[in-house]
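Protein chains in written order, with this note's numbering: chain A, 10 to 267; chain B, 773 to 1122. Here a beta-carbon is modelled for each residue, glycine too, at the ideal position from N, C-alpha and C. Nothing here was measured: the structure is a model prediction, and the numbers come from that model. Notes for the one structure printed next.
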Ligand SMILES: Nc1ncnc2c1ncn2[C@@H]1O[C@H](COP(=O)(O)OP(=O)(O)OP(=O)(O)O)[C@@H](O)[C@H]1O
Ligand SMILES: [Mg+2]
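Shown next, in the form of structure tokens:
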């Protein structure tokens, strides 16, 4: 059920702006892959090409091959909706649907795909909210609007919403940047749970988090401002943090960046 | 640092002398008294002139006294505040005047019998007669126009915001802009030429609805477009990332988020065309009797009724025109209130 992702010679553009250059990588199934790197080097951009979210932005395009279990997801015949059903995403900034209650936010994916079964929806609501460590805080007010939660709670709501549709791959763009250490720990535990069945790719600025949760780590960097970002190296997390091949990686990890 | 604010006990530099309410009231009384004297001593007369002169005197006196007592900045503040308040009042004055005048003139004839009778067989000097037929006509014509223009306009707006990328979108957008400025008589002429002359249809409420729909369309498209545009992209992306197809995203996420604004826009469009007279002259024609069927035969409508009665050289007819105008204003008012209520409760939850 879990799937793998391969990127081959991928170049990513926003209109004329060449954002990311020549990425080659492989994300193995049932593992957590972490992306680290300085701000603006294209981590989010690479993540968004993995479920065809990049093309939503006008003028944005992708060159090269992005494969889901060996299948190129950018072939013209591929339906992006199906890609996104398989590859879910949690965004850097929480975006709960403002017209929906907490409950409806969690099961929005299922409901809007046509699932009607009440008891099933209820069960999914509880399981997903528990998974995102939000259940205890909201179980008494599931009918309140999703926008009424605090920023961190909203983020966990979005995580619950993403896992409710049971994607095969979960992309998380700095999911813990707005969270307290306890919720962060809960999300990290959740990732540990999820990776038994799912493939996870996470972007994080928290080096300890990358070291704690991921099996492999990729380091992205920019040569200079205005230049495209590149994947400098991707390796086992242990190796990246103890004995990286590239000097740039070592500098970044040890805080001697720039 | 020697310039730092000194705070003296009981006489702080932070506290300035201030004109009291009572003193201001005294200035106002003085201004009115002086105006009285002026109006008696000079050939000045008239209520409007009196109010104006008194107001100007008050503002000048207040500013001068304030300048002496409170200082320059406070005086300036009082002057500008007065000017702003006067402008705000002046802006609503015509509205209040029109409304008040209509209420006074219209309520003379307006009663239940006026609302439930038609003008069939009523001569212009007869004191009875009513606007039942015109109310029905207006409701049917505007209702049909809404049914035509709103779904159509919404689809256009959705196309422009969610789907168009290239030239077609820009062309449509341009023509919608141009249509916004379309004189209403032209819409009537167009339907008259197309529907009645070229296609050989009769005068009917529906022909009027077509003309009104043409007038509503650009307003609906523009307002819906603006509302859809401000729905943040992060909501669309959040929905896509759940594997939800684009059209479901538009219908279930984007539209509800923008609903309040769209409803307001639609209501404003309806309110605007409810009072249209010119396009109906050529398409609905007017009818003193009740015609329930908007699809065949001439119908009445409130604006046409007002237009017709007001043109008759007879006091009772003119009174009926005022009463009908009052009903027309009330209908538009109710629509506006409904729009506000819906806008408050629909859509975004908070
Ligand atoms: N919508 C957009 N339009 C144009 N350029 C963009 C857009 N989004 C990102 N970029 C540019 O692409 C480059 C990579 O951005 P990206 O968001 O992928 O960085 P990031 O590594 O995720 O940074 P951060 O750690 O701050 O989130 C940046 O130079 C950014 O300015
Ligand atoms: Mg980012």
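Beta-carbon proximity check, residue i vs residue j, cutoff 7 Å
i: residue 876 of chain B; j: residue 1096 of chain B; result: no
i: residue 980 of chain B; j: residue 1099 of chain B; result: no
i: residue 142 of chain A; j: residue 192 of chain A; result: yes
i: residue 1045 of chain B; j: residue 987 of chain B; result: yes
i: residue 170 of chain A; j: residue 114 of chain A; result: yes
i: residue 156 of chain A; j: residue 103 of chain A; result: no
i: residue 985 of chain B; j: residue 920 of chain B; result: yes
i: residue 20 of chain A; j: residue 73 of chain A; result: yes
i: residue 202 of chain A; j: residue 101 of chain A; result: no
i: residue 92 of chain A; j: residue 167 of chain A; result: no
i: residue 116 of chain A; j: residue 96 of chain A; result: no
i: residue 210 of chain A; j: residue 36 of chain A; result: yes
i: residue 56 of chain A; j: residue 199 of chain A; result: no
i: residue 187 of chain A; j: residue 160 of chain A; result: yes
i: residue 1068 of chain B; j: residue 976 of chain B; result: yes
i: residue 1111 of chain B; j: residue 1039 of chain B; result: yes
i: residue 834 of chain B; j: residue 844 of chain B; result: no
i: residue 893 of chain B; j: residue 993 of chain B; result: no
i: residue 40 of chain A; j: residue 206 of chain A; result: no
i: residue 824 of chain B; j: residue 816 of chain B; result: no
i: residue 978 of chain B; j: residue 1066 of chain B; result: yes
i: residue 1078 of chain B; j: residue 1093 of chain B; result: yes
i: residue 797 of chain B; j: residue 826 of chain B; result: no
i: residue 61 of chain A; j: residue 1015 of chain B; result: no
i: residue 800 of chain B; j: residue 841 of chain B; result: no
i: residue 226 of chain A; j: residue 43 of chain A; result: yes
Inter-residue CB distance, residue i and residue j (contact presumed, cutoff 8 Å)
i: residue 1030 of chain B; j: residue 1000 of chain B; result: 5 Å
i: residue 1073 of chain B; j: residue 880 of chain B; result: About 22 Å separates the two Cβ atoms, so there is no contact after all.
i: residue 135 of chain A; j: residue 12 of chain A; result: So it is not a contact: roughly 27 Å between Cβ atoms.
i: residue 124 of chain A; j: residue 1012 of chain B; result: Between residue 1012 of chain B and residue 124 of chain A the Cβ distance is about 18 Å, and since that is not below 8 Å, they are no contact.
i: residue 1189 of chain B; j: residue 1037 of chain B; result: What is shown of chain B runs 773 to 1122, which leaves residue 1189 of chain B out entirely.
i: residue 111 of chain A; j: residue 59 of chain A; result: Not really, about 28 Å apart at Cβ, beyond 8 Å.
i: residue 174 of chain A; j: residue 138 of chain A; result: Incorrect: roughly 14 Å between the Cβ atoms, too far for contact.
i: residue 1051 of chain B; j: residue 1115 of chain B; result: Actually they do not touch by this definition, with Cβ atoms about 28 Å apart.
i: residue 197 of chain A; j: residue 218 of chain A; result: 7 Å
i: residue 1049 of chain B; j: residue 1007 of chain B; result: About 43 Å separates the two Cβ atoms, so there is no contact after all.
i: residue 1058 of chain B; j: residue 1080 of chain B; result: 6 Å
i: residue 847 of chain B; j: residue 838 of chain B; result: 4 Å
i: residue 944 of chain B; j: residue 932 of chain B; result: 6 Å
Candidates the options: closest to residue i by CA position
i: residue 965 of chain B; options: B:939, B:1054 and B:913; result: B:1054
i: residue 17 of chain A; options: A:254, A:30, A:129 and A:24; result: A:30
i: residue 221 of chain A; options: A:207, A:250, A:144 and A:205; result: A:250
i: residue 253 of chain A; options: A:140, A:228, A:99 and A:217; result: A:228
i: residue 242 of chain A; options: A:154, A:234, A:257 and A:153; result: A:257
i: residue 194 of chain A; options: A:140, A:225, A:208 and A:47; result: A:140
i: residue 264 of chain A; options: A:41, A:47 and A:77; result: A:47
i: residue 895 of chain B; options: B:1102, B:1087, B:1108 and B:990; result: B:1087
i: residue 831 of chain B; options: B:811, B:1048, B:813 and B:856; result: B:856
i: residue 948 of chain B; options: B:989, B:878, B:963 and B:802; result: B:989
i: residue 239 of chain A; options: A:248, A:247 and A:255; result: A:255
i: residue 938 of chain B; options: A:190, A:43, A:67 and A:145; result: A:67
i: residue 71 of chain A; options: A:105, A:26 and A:126; result: A:26
i: residue 24 of chain A; options: A:63, A:83 and A:247; result: A:63
Chain-ordered chain A contacts of residue i [CB-CB under 7 Å]
i: residue 1007 of chain B; result: 104 and 106
i: residue 1024 of chain B; result: 121
i: residue 1020 of chain B; result: 121
i: residue 925 of chain B; result: In chain order: nothing, as chain A lies at least about 21 Å away.
Closer than 8 Å at the beta carbon, the chain A residues around residue i
i: residue 1114 of chain B; result: Here the premise fails: no neighbours, minimum Cβ distance about 14 Å.
Per-residue contacts from residue i into chain A (C-beta, under 9 Å)
i: residue 1014 of chain B; result: 93, 94, 97, 98, 117, 118, 119, 121, 122, 170, 171, 173, 174 and 176
i: residue 1029 of chain B; result: 106, 107 and 108
Neighbour list for residue i in chain B, Cβ cutoff strictly below 7 Å
i: residue 126 of chain A; result: Near residue 126 of chain A there are no residues of chain B at all, since even the closest Cβ is about 18 Å away, more than 7 Å.
i: residue 90 of chain A; result: 1015 and 1017
Proximal residues of chain B, C-beta to C-beta of residue i below 8 Å
i: residue 60 of chain A; result: 1013
i: residue 36 of chain A; result: Per Cβ cutoff of 8 Å: no residues; residue 36 of chain A is ~17 Å from chain B at best.
i: residue 147 of chain A; result: The premise fails here: residue 147 of chain A is roughly 15 Å from chain B at the closest Cβ pair, so nothing lies under 8 Å.
i: residue 65 of chain A; result: 1005, 1008, 1009 and 1012
Beta carbon proximity, residue i to chain C, threshold 7 Å
i: residue 20 of chain A; result: In summary, chain C is missing from the structure at hand, where the protein chains are A and B.
Residue i beta carbon near ligand 4 (any heavy atom closer than 6 Å)
i: residue 218 of chain A; result: This structure does not include ligand 4; its bound ligands are ligand 1 and ligand 2.
(request) Starting from the N-terminal end, write out each residue whose C-beta falls within a distance shorter than 5 Å of any non-hydrogen atom of ligand 1. (result) A:23, A:28, A:48, A:49, A:50, A:51, A:52, A:53, A:54 and A:66
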